[in-house]
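For the protein sequence lines, the chains are A and B, in the order given. Here numbering that gives the first Met the number 0 is used: the first residue of the first sequence is 0, the next is one more, and so on. Here numbering that gives the first Met the number 0 is used: the first residue of the second sequence is 0, the next is one more, and so on. Quick notes on the structure that follows.
Protein chains: 2
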Amino acid sequence: MPIQAVVFDAYGTLFDVAGAARAAAAEPGGERLAAIWPRLAEDWRRKQLEYTWLRAITRIHADFAKVTADGLDWAMEAAGLVDPALRARLLALYDALPAYSEVPAVLAALKGHGLATAILSNGAPAMLGAAVRSAGIGAHLDAVLSVEEVGVFKPDARVYSLATARFGLRPEQVLFVSSNGWDVAGASGYGFATVWVNRAGLPQDRLSHGPAHVMPDLSAIPDLARAL
Amino acid sequence: MPIQAVVFDAYGTLFDVAGAARAAAAEPGGERLAAIWPRLAEDWRRKQLEYTWLRAITRIHADFAKVTADGLDWAMEAAGLVDPALRARLLALYDALPAYSEVPAVLAALKGHGLATAILSNGAPAMLGAAVRSAGIGAHLDAVLSVEEVGVFKPDARVYSLATARFGLRPEQVLFVSSNGWDVAGASGYGFATVWVNRAGLPQDRLSHGPAHVMPDLSAIPDLARAL
């Protein structure tokens, strides 16, 4: 069996990044977010990612906690929200994002098949640790790998090399799973077998490399990993 | 006077990038774009920029004509548009984007003040040449500089160095003007004096460097360049 490890992106793939704004809108006092939380979440995510890419190009790194707060600050200003307590609450909720419902069973099945499992994420170690604990999935993960080890964000190839180095594998022995098309493109270019989890039914990104497999959620990953 | 040259970003700064989709919607047969052209233009621009950044990080360059077509393909698929003739028409219109109304007078005033003027753009040389000719502003420009000379997109510092090299200036002798906050951040980090032209009233990007000056359009650039 050529696939020896299944490596997951975290934000958007295992964890629902819209969950923080959605949860804040549902809390007491969150009524004013009722109509705007989807746009707030979208702007937050968009700016967060833009800032990772721009920092990678200019080689002026800051960790994902900083970039996540920077993206939120832009999104809150765009929404006309000036509220330090809400800002703090949203960032706290980002450390406890909900995992997609199928995640625990998928990870358990992969371990049951004898495969190594890992997260490989832009997230800073403390953020990833909090999210993994909150979702209760730590027991199913052999490694939680952060870009902080190399000090540059995805899709720089040094990030993907963290996974091959950690498990002593060649790229083609790793199945990399992400809901972010640009992350899949980078991982495919690095040589991983890849799955693009296209939950939202988006068009495929037009980059130099595409996904080897496309799935609507994570459920079929264990069967795929065994079949490859 | 420390400022010796005023260097402009092209797309979004001198030329209205929404102009192609807007014009296509106004042409015979464009009725089906009436309600969707703003979203089409926004998605097209967003994906075009994302692809420049991702290619810069992964060092898999393609020129801006390719990336512009790739972004349009994503945006048309997202809009449910399958129409090769429309695709070709939109790309042709992108080579003849409208310049903002104040552009010719601003460039003429800068030349009247004895300043050097240039475009420094992600655009491929043929695209930039077509846009400059279409807008009739070539006589006011001393140089049209394309990232193709260095084979990487903004905000890589090698791009900004094209302007200092072309005019034999130090970065602080160049006033760089862009409506793209991320471009301004990169240029400020390089050492240029910068103006962010914030036509849309957007929040300022949270990056490592910000603009030295913020203006709603280009009109006051000649006075600023003389005053610095």
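Idealized CB from N, CA, C, for every residue including glycine. Being a predicted model, the structure only gives us computed values, none of them experimental.
Look up residue i in the DSSP assignment and give the residues it is bridged to.
| i | result |
| --- | --- |
| F175/A | V6/A and T193/A |
| S207/B | The partner list for S207/B (beta bridge, DSSP) is empty, contrary to what the question assumes. |
| I118/B | F7/B and V143/B |
| V213/A | W195/A |
| V14/B | A quick correction: the sequence has Phe, not Val, at residue 14/B. Y10/B and A98/B. |
Restricting to Cα atoms, I'd like to know which of the options is closest to residue i.
| i | options | result |
| --- | --- | --- |
| A20/B | A74/B, S178/B and H112/B | A74/B |
| A138/B | V158/B, Y93/B, D216/B and T116/B | T116/B |
| G28/A | M126/A, R88/A and R157/A | R88/A |
| I136/A | E101/A, A224/A and R86/A | E101/A |
| N197/A | W181/A, H208/A, Y189/A and F191/A | W181/A |
| L201/B | E76/A, A68/A, D15/A and L53/A | E76/A |
| T67/B | R54/B, R169/B and R58/B | R54/B |
| Y283/A | A125/A, A192/A and L119/A | Lying outside 0 to 227, the shown extent of chain A, residue 283/A is not represented and no answer is given. |
| V183/A | S207/A, A224/A, A104/A and R225/A | S207/A |
| R31/A | Y10/A, D42/A and L80/A | L80/A |
| G185/A | P210/A, V173/A, P1/A and E171/A | P210/A |
| T193/A | Q203/A, T12/A, A78/A and H212/A | H212/A |
| R157/B | I56/A, E26/A and T12/A | I56/A |
| N121/A | E171/A, G18/A, V149/A and D204/A | V149/A |
| A91/B | P103/B, A78/B, Y189/B and A125/B | A125/B |
| D222/B | A162/B, L114/B, R205/B and L127/B | L114/B |
| W43/B | A33/B, A199/B and G18/B | G18/B |
| D94/A | D82/A, V105/A, L106/A and S133/A | S133/A |
Could you tell me the alpha carbon to alpha carbon distance between residue i and residue j, rounded to whole angstroms?
| i | j | result |
| --- | --- | --- |
| A23/A | L48/A | 21 angstroms |
| A123/A | D62/A | 6 angstroms |
| R45/B | G70/B | 8 angstroms |
| L229/B | V5/A | Absent from the model: residue 229/B. The displayed extent of chain B is 0 to 227, so no value can be given. |
| D8/A | L85/A | 27 angstroms |
| L217/A | D15/A | 13 angstroms |
| W36/B | A164/B | 40 angstroms |
| Y10/A | P97/A | 10 angstroms |
| R225/A | R58/B | 33 angstroms |
| K153/B | A108/A | 44 angstroms |
| L140/B | A64/B | 22 angstroms |
| D155/A | I2/B | 36 angstroms |
| A130/B | P103/B | 13 angstroms |
| A78/A | L227/A | 46 angstroms |
| S187/A | V146/B | 26 angstroms |
| A25/A | A34/A | 11 angstroms |
Just the chain B side, please: which residues come within less than 9 angstroms of residue i by C-beta, in chain order?
| i | result |
| --- | --- |
| I118/A | Simply none; closest approach about 20 angstroms. |
| D72/A | P202 and R205 |
| P154/A | L53, I56 and T57 |
Could you list which residues in chain A have their beta carbon closer than 7 angstroms to that of residue i, in chain order?
| i | result |
| --- | --- |
| R198/B | Simply none; closest approach about 15 angstroms. |
| L206/B | Y50 and L53 |
Which chain B residues sit within Cβ distance under 8 angstroms of residue i?
| i | result |
| --- | --- |
| A77/A | L201 and P202 |
| I35/A | Those within 8 angstroms of I35/A in chain B number zero; the least Cβ separation is about 15 angstroms. |
Could you tell me which chain A residues have their CB closer than 8 angstroms to the CB of residue i, listed as they occur along the chain?
| i | result |
| --- | --- |
| D69/B | R205 and L206 |
| W195/B | Ordered by position in chain A, no residue passes the 8 angstroms Cβ test against W195/B, which lies about 14 angstroms from the chain. |
| W181/B | E49 and L53 |
Please list, in chain order, the chain A residues whose beta carbon lies closer than 9 angstroms to that of residue i.
| i | result |
| --- | --- |
| G188/B | T57 and I59 |
Interface residues of chain D around residue i at Cβ under 9 angstroms?
| i | result |
| --- | --- |
| G185/A | Judged by its chain identifiers, the structure shown contains no chain D, and its protein chains are A and B. |
Are the region 165-179 of chain B and the region 41-55 of chain A touching by the rule of at least three beta carbon pairs closer than 8 angstroms?
no
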